[in-house]
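Protein chains in written order, with the working numbering: chain Z, 1 to 113; chain F, 1 to 113. Built from N, CA and C at the ideal position, the CB exists for glycine as well. Computed from a predicted model, the values in this text were never measured in an experiment.
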Amino acid sequence: GDSVTQMEGPVTLSEEAFLTINCTYTATGYPSLFWYVQYPGEGLQLLLKATKADDKGSNKGFEATYRKETTSFHLEKGSVQVSDSAVYFCALSDLGYGQNFVFGPGTRLSVLP
Amino acid sequence: ETGVTQTPRHLVMGMTNKKSLKCEQHLGHNAMYWYKQSAKKPLELMFVYSLEERVENNSVPSRFSPECPNSSHLFLHLHTLQPEDSALYLCASSRTGEGQPQHFGDGTRLSIL
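This is the structure in structure tokens:
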């Protein structure tokens, strides 16, 4: 079945450091890929997405590129802020209406001032 | 303000109680989702409603009963739950055809005694 693997957390960085959170997937078809963010005490928010190979999703300084050859969708940000502290979830969708919508386990990021 | 409102935010109940979780959105979306978020486990999709009809039920025990009276409201009725049902229950919504949940509520933290 489809699955998403993320790097284990927690990840602790200093402010203005470069961030990479690795995400790899397995899927039978050609999935769409997503990153969600969950701030403390809140629900998840869609951060960015990419629907086909070589697409780059970007939002709020975060970027991720859909790499079909390496089945990866790594999340990057050039300079993190304390306000970026949250849990980040990689996810894929192989079909519509949430069917076969699979989340990774999440990676907790803590950014220190 | 996420646009998706869940009530209550916290709920403690005994195993023999009956309670309901409520989700409300006024984003004009017509697909709504229930997810279960347990510690150290990936998000689990429980139910999906599209245009007020259930389109997905991921083998959820019958002690969880969803209800979608209209496209703005979603309920999760709870009856004779087990301690392992303690978790954060997240509601989400999207436009039909988007294929993934766009907006999440902040969740209801459920504790079963």
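- Within its own chain, the residues whose Cβ lies closer than 7 Å to the Cβ of F:Phe64, once the five positions on either side in sequence are excluded, are Met46, Leu76 and Leu78, listed in chain order.
- In summary, the residues of the region 97-111 of chain F whose CB is separated from some CB of chain Z by less than 7 Å are Gly97, Gly99, Gln100, Pro101, Gln102, Phe104, Gly105, Asp106 and Gly107, in the order they occur in the chain.
- Shown here, Z:Val102 sits in a strand according to DSSP, grouped into three states.
- With distances taken between CA atoms, F:Arg54 lies nearest to F:Leu74 out of F:Leu74, F:Gly28 and F:Val12.
- Exclusion of the five residues before and after Z:Ser79 leaves Glu16 as the residues of its chain whose Cβ lies within less than 6 Å of its Cβ.
- Residue range Val4 to Thr7 is occupied by the beta strand (DSSP E) that includes F:Thr5.
- Taking a beta-carbon distance threshold of 8 Å, F:Leu43 counts as an interface residue toward chain Z.
- Counting only residues of its own chain and dropping the five nearest sequence neighbours on each side, F:Ser50 has a CB closer than 6 Å to the CB of Ala31 and Thr96.
- When CB distances to chain F are screened at a threshold of 8 Å, the residues of the region 41-59 of chain Z falling below it are Gly41, Glu42, Gly43, Leu44, Gln45, Leu46 and Lys49, in chain order.
- Below the 8 Å Cβ cutoff, chain Z contributes Gly43 and Leu44 as neighbours of F:Leu90, in chain order.
- Residues of chain F whose Cβ lies closer than 8 Å to the Cβ of Z:Gly1 do not exist, since the nearest Cβ in that chain is about 12 Å away.
- Contact annotation for Z:Pro105 against chain F: Lys40, Lys41 and Pro42 [CB-CB distance below 8 Å, chain order].
- Annotated three-state conformation of Z:Val82 is helix, per DSSP.
- Listed along chain F are Leu45 and Gln100, each with a C-beta nearer than 7 Å to that of Z:Phe101.
- At a cut-off of 8 Å between C-beta atoms, Z:Phe34 counts as an interface residue with respect to chain F.
- The closest CA to that of Z:Thr20, considering only Z:Val102, Z:Asp84 and Z:Leu46, is found on Z:Asp84.
- F:Val60 is the residue among F:Val60, F:Pro42, F:Lys40 and F:Gly14 whose C-alpha sits nearest the C-alpha of F:Val48.
- Under DSSP, F:Asn58 takes part in no beta bridge, so it has no partner.
- Counting along the chain, F:Ser94 sits inside the beta strand (DSSP E) bounded by residues Ala87 to Ser94.
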